[in-house]
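Student:
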Amino acid sequence: MTPRRALGTLPNLLSCSRLVLAAGFVAAGATEARVGLIGAAAATDFLDGWLARRVRATSRWGALLDPVADRVFVLTVVATFLFTGRLSTSAYFVLLMRDLATAIGFLVARVIPWLRTVPFQARRLGKVVTVLQLLTLAAVLVLPEAVTLLLGGVAAASVLSIVDYTLALWRARPR
Numbered sequence: 191m192t193p194r195r196a197l198g199t200l201p202n203l204l205s206c207s208r209l210v211l212a213a214g215f216v217a218a219g220a221t222e223a224r225v226g227l228i229g230a231a232a233a234t235d236f237l238d239g240w241l242a243r244r245v246r247a248t249s250r251w252g253a254l255l256d257p258v259a260d261r262v263f264v265l266t267v268v269a270t271f272l273f274t275g276r277l278s279t280s281a282y283f284v285l286l287m288r289d290l291a292t293a294i295g296f297l298v299a300r301v302i303p304w305l306r307t308v309p310f311q312a313r314r315l316g317k318v319v320t321v322l323q324l325l326t327l328a329a330v331l332v333l334p335e336a337v338t339l340l341l342g343g344v345a346a347a348s349v350l351s352i353v354d355y356t357l358a359l360w361r362a363r364p365r
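Residue 191 is where the sequence shown starts when you use the numbering used here, and the numbers rise one by one after that.
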C-alpha cells in the first residue's frame, strides 16, 4: 500500500476524526455535547484499531496517527478544563503524566541509535490509561465526585504503563 493510500484508509480517517472532535469540544458549550464528543472520541479510538486489524488495513501511518490523535484530543479537553477552572493544576499533571513521559521517551529514542530500531506500537497498559483518562474527563462533566478516585486510577495506571514501556525497551536492546 502506498503511503498516500495508507493515510486514506477508514481506520486512519477515524483516527483523524479525533482532531475534529477536539476542535468541536472547545467550541461546544453544552455539557451534553461535550460528553457526547468524549464518547465519540472513545468510540473512534476503539474502532480505528479494531477495524484496521479486521480488514487488514494496519499501517505505519495508523500506528503513528492513532496515539497522536488520542494525545491531541485528551490534551485539548484537559487544557479546556484547566482554563475554565473545572480542573486543578495537579489533576492536569496527573492526566498528562504518562504523555509527558512518552514524549520524553520518544525524544530520547531519536538520540540513542539502537532505540531507533525498536518498533513503535501501542501496549495494553497504555490503552488502559487512555480509557481511564477519557472516563475521568467525562466524570468532570457528569460525576465530579468520582474524579479524585479516577485520577488515582489514572496515576497508578500511568506509572505502570511507564514501567511497562521501559521494560519493553530494555528487552529490545541489543545484546
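Backbone N, C-alpha and C define an ideal beta-carbon position, used for all residues, glycine too.
1. Taking only three categories from DSSP, how would you classify residue 302?
2. Which of helix, strand or coil does DSSP assign to residue 333?
3. From which residue to which residue does the alpha helix (DSSP H) around residue 224 run?
4. Rounded to a whole number of angstroms, what is the C-alpha to C-alpha distance between residue 193 and residue 251?
5. What does the Cβ neighbour count give for residue 293, buried or exposed, with the cut at 16 atoms within 10 Å?
6. Using only the alpha-carbon positions, how far apart do residue 265 and residue 243 sit?
7. Whose CA, out of 249, 221, 257, 219, lies closest to the CA of residue 207?
8. What separation, rounded to the nearest whole angstrom, lies between the Cα atoms of residue 226 and residue 212?
9. Taking contact to mean at least 3 C-beta pairs separated by less than 8 Å, is the region 317–324 in contact with the region 216–236?
10. Note down, in chain order, each residue of its chain lying with its Cβ closer than 6 Å to the Cβ of residue 348, except the 5 sequence neighbours on either side.
11. Pull up the distance between the alpha-carbon of residue 299 and that of residue 308, whole angstroms please.
12. Could you tell me how far apart the beta carbons of residue 355 and residue 275 are, in whole angstroms, since I believe they sit closer than 8 Å?
13. Hey, how far is the Cα of residue 339 from the Cα of residue 262?
14. By DSSP, does residue 345 sit in helix, in strand, or in coil?
15. Here's a check: name, in chain order, each residue in its chain whose Cβ is nearer than 8 Å to the Cβ of residue 342, leaving out the five neighbours to either side.
16. Out of 332, 358, 203, point me to the one whose CA is closest to residue 259's CA.
Tutor: Result, derived from the coordinates:
1. coil
2. coil
3. 221–244
4. Low local confidence applies: a pLDDT of 48 at residue 193 is under 50, so the model's placement there is unreliable, with the coordinate-based value given in what follows. Distance between the alpha carbons of residue 193 and residue 251 is about 8 Å.
5. exposed
6. The alpha-carbon of residue 265 is positioned some 27 Å away from that of residue 243.
7. 257
8. 12 Å
9. yes
10. Closer than 6 Å at Cβ, skipping near neighbours: 287, 288, 319.
11. A direct Cα-to-Cα measurement between residue 299 and residue 308 gives close to 9 Å.
12. Contact flag wrong, Cβ pair sits at about 33 Å.
13. The straight-line gap from Cα to Cα measures roughly 24 Å.
14. Three-state result, residue 345: helix.
15. none
16. 203
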